[in-house]
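Plus 1 on top of the position in the sequence shown (first one is 1) and you've got my numbering.
A virtual CB, placed ideally from N, CA and C, is assigned to each residue, including glycine.
Since the model is a prediction, treat every value here as computed from it, not as a measurement.
Everything on this sheet refers to the single structure shown next.
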Amino acid sequence: MQTGVLCVLRATAASWWRHKELRRTGQTGQALQLERETVLRDLGYLKQAASLPNAHVICGEGGTFLHLGWTTVSTFAPIERFPLATLVVARGTPFIDIRPVTDVIAFARLPRVARDGSVDPDPCGSGRSVSLTAYIDMVEALGARIANDPRPLQSI
2 MQTGVLCVLR ATAASWWRHK ELRRTGQTGQ ALQLERETVL RDLGYLKQAA SLPNAHVICG
62 EGGTFLHLGW TTVSTFAPIE RFPLATLVVA RGTPFIDIRP VTDVIAFARL PRVARDGSVD
122 PDPCGSGRSV SLTAYIDMVE ALGARIANDP RPLQSI
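Take a look at the structure:
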């Protein structure tokens with residue numbers, strides 16, 4: 002594990018208001034224990050993002066969401082203020098920036114990304130799901146920016 006990643010995760014955990022309050026009230030041991038648990042949890046999220054076929058990060062006006070199959074980690078902040086998501090994207094996880102999308106109705110009607118990498122045989126109805134690459138095609142057509150694009154390069 003890179004020491005820079007651990008430094009970021011430790012600094013983020015130490016900056017949480019609850020952990021700061023525990024330190025301020027002299028409960029340093031409890032603060033350290035909670036910080037260790039937070040770092041280990043976030044390391045688990047990093048490992049999941051690297052191993053899951055449909056893991057991705059979406060950033061919009063409503064915040065930033067790290068989708069990891071059946072788990073979603075989110076914050077109301079943009080990706081610039083969500084260190085875990087920034088680390089995941091820096092390590093190669095696809096990033097979908099929907100802040101440029103202006104047609105929110107069309108975006109809301111898009112199917113969801115399949116959680117386990119499979120695709121619904123009948124892609125219609127409210128519970129439909131598509132592959133991450135198909136979803137990226139659809140959201141990019143609406144104006145989203147894509148980083149770490151998992152789609153194969155198209156030759157002309």
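Query, Result
"Opposing strand residues paired with V74 [DSSP bridges]", "L67"
"Limits of the beta strand (DSSP E) - the one that R110 falls within", "Per DSSP, R110 belongs to no beta strand (DSSP E) and is neither H nor E."
"R100 versus G70, V58 and Q28, residue with shortest Cα-Cα distance", "V58"
"R19 to D138 span [Cα, whole Å]", "41 Å"
"Cβ shell of T13 (< 6 Å), same chain only, five flanking positions each side left out", "P84"
"Touch test, the stretch 136-152 against the stretch 92-107, Cβ-Cβ under 8 Å, three pairs minimum", "yes"
"Extent of the continuous beta strand (DSSP E) run through G61", "H57 to G61"
"For D98, the first and last residue of its enclosing beta strand (DSSP E)", "F96 to D98"
"Sequence-distant residues of the same chain with beta carbon closer than 8 Å to R24, five excluded per side", "A32"
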